[in-house]
Amino acid sequence: MGRPLLTNIYSREESNVVAFGVILGKKAEESVRAIRDASWFIETFDITSRRNLLERARVYDVGDIRPASYADLDCITKTASSILLEGKLPLMLGGGHLATYYALKAMPRDVTLVVFDAHCDLRESYIDEKIVELDYIGEDVEVDKRLNDATWLRRASEEKVFKRAVVLGVRSGDEEQLDYSKKAGIPLITSERLLSKKGLNAAVRTLYKLTRGKKVYVSLDVDVFDPSIAPAVDHPEPSGIGFREFTKLVRSIKGKIVGCDVVCLRKIPDNEVTEFLAARAVLELLSHAV
Ligand SMILES: [Mn+2]
């Protein structure tokens, strides 16, 4: 695996957070490695709030899991379940967003899902060559039109894998997905709204109401950030949120975070901006989750 996330100074027994990578997608291996590498070079002390972001988190990285086929994606669920059974927080580094669908299946059914994503991922059925790359496992396996990176949230909603959900930072979708989100009661909060002070404060209140006293799973698709600060993604969408909006939103989650992930980074050559941002986002999530 190369370097573990955040240096593995604790053993699995001593840890309260267990990280794992999911090798799903054509560039997943180097992308997940890039986040781990970057995590060695960032300051864990937050000078603004004057505290160590890893004050309470004791992270142990178990390395990568490699699904051999789509039928084998249950190994993600099994890995997350075993971490939960130990009473620890699973932290997944993706891979495509399809991995989140399988990690969620390990969570309690009454979980509240908080998704950061430029996309709704609520399509009934969809496939394009980028999705094929994102969910790539091997030459001989075809990607499922109904269960992939662009449809996972719809399937998870239909199958009641979570109790309620909210998607933050959306700026790409169509009428069909909007209709579904209304029908399913999944608020889609656009990045446009989050970029205004009023809209951001409203989203903070929404998150407070949705998550207070609840179990929460947080999924971060790094394409939620503006492509100027997170260029290493598959589907860069203009006018994304900044890191400030992200931290403010994460800090307004009031429930107990039971699992989280950082997905959809796709390493690009000669540019490390996105993986440093992703690693910093991991710290932010951990400082709030444990
Ligand atoms: Mn996305």
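Read left to right, the sequence shown gives residues 471 to 760 (my numbering). All C-beta atoms, glycine included, are put in the ideal place defined by N, C-alpha and C.
Counterpart residues of residue i in DSSP-defined beta bridges
i, result
"N618", "Note: N618 sits in no beta bridge, so no partner."
"A489", "D531, L561"
"H589", "S642"
"N522", "F515"
"V732", "L563, L690"
"L753", "DSSP output for L753 lists no bridge partner at all."
"V502", "Per DSSP, none; premise fails for V502."
"T582", "R634, V686"
Sequence-distant residues of the same chain with beta carbon closer than 7 Å to residue i, five excluded per side
i, result
"T477", "W510"
"T660", "V640, R641"
Any non-hydrogen atom of ligand 1 within 8 Å of residue i CB
i, result
"A588", "yes"
"V492", "no"
"C545", "no"
"H758", "no"
"D591", "yes"
"D691", "yes"
"C734", "yes"
Proximal residues to residue i (C-beta, below 6 Å), its chain only, five neighbours per side dropped
i, result
"M471", "G533, D534"
"D507", "R473"
"E754", "T717, V720"
"K615", "S595, I597"
"A700", "V692, T744, L747"
"A654", "S627"
"A635", "L583, I656"
"E499", "I493"
Any non-hydrogen atom of ligand 3 closer than 8 Å to residue i Cβ
i, result
"V694", "Absence of ligand 3 from the depicted structure is noted, with ligand 1 being the only ligands included."
Cut-off 8 Å between Cβ atoms - residues of its own chain near residue i, not counting five sequence neighbours on either side
i, result
"D704", "K600, E603, L604, D693, C734, R736"
"I512", "F746, A749, R750, L753"
Note to self: List, from N- to C-terminal side, the beta strand (DSSP E) runs of 3 residues or more that fit wholly inside the segment 609-679.
What the structure shows: 634-640, 658-660
Next item on the list: Determine, using beta-carbon pairs with one atom in the segment 641-659 and one in the segment 684-691, whether at least three such pairs fall under 8 Å.
Entry: no
Check: Hey, is the segment 590-598 in contact with the segment 621-630, meaning 3+ C-beta pairs nearer than 8 Å?
Finding: yes
Check: If we count Cβ pairs, one from each stretch, closer than 8 Å, do we get three or more for the segment 581-590 versus the segment 600-617?
Finding: Look at the beta carbons and you see the segment 581-590 not touching the segment 600-617: under three pairs across the two are nearer than 8 Å.
Next item on the list: Report the residue ranges of all beta strand (DSSP E) runs contained in full by the segment 678-728; include only those spanning at least 3 residues, in chain order.
Entry: 685-691, all fully within the segment 678-728.
Next item on the list: Could you tell me whether the segment 482-490 touches the segment 557-568, using the rule of 3 or more Cβ pairs below 8 Å?
Entry: yes
Margin query: Quick test of the definition: if touching needs 3 or more C-beta pairs under 8 Å, does the segment 663-683 touch the segment 560-571?
Written below: Counting Cβ pairs under 8 Å, fewer than three are found: no touch.
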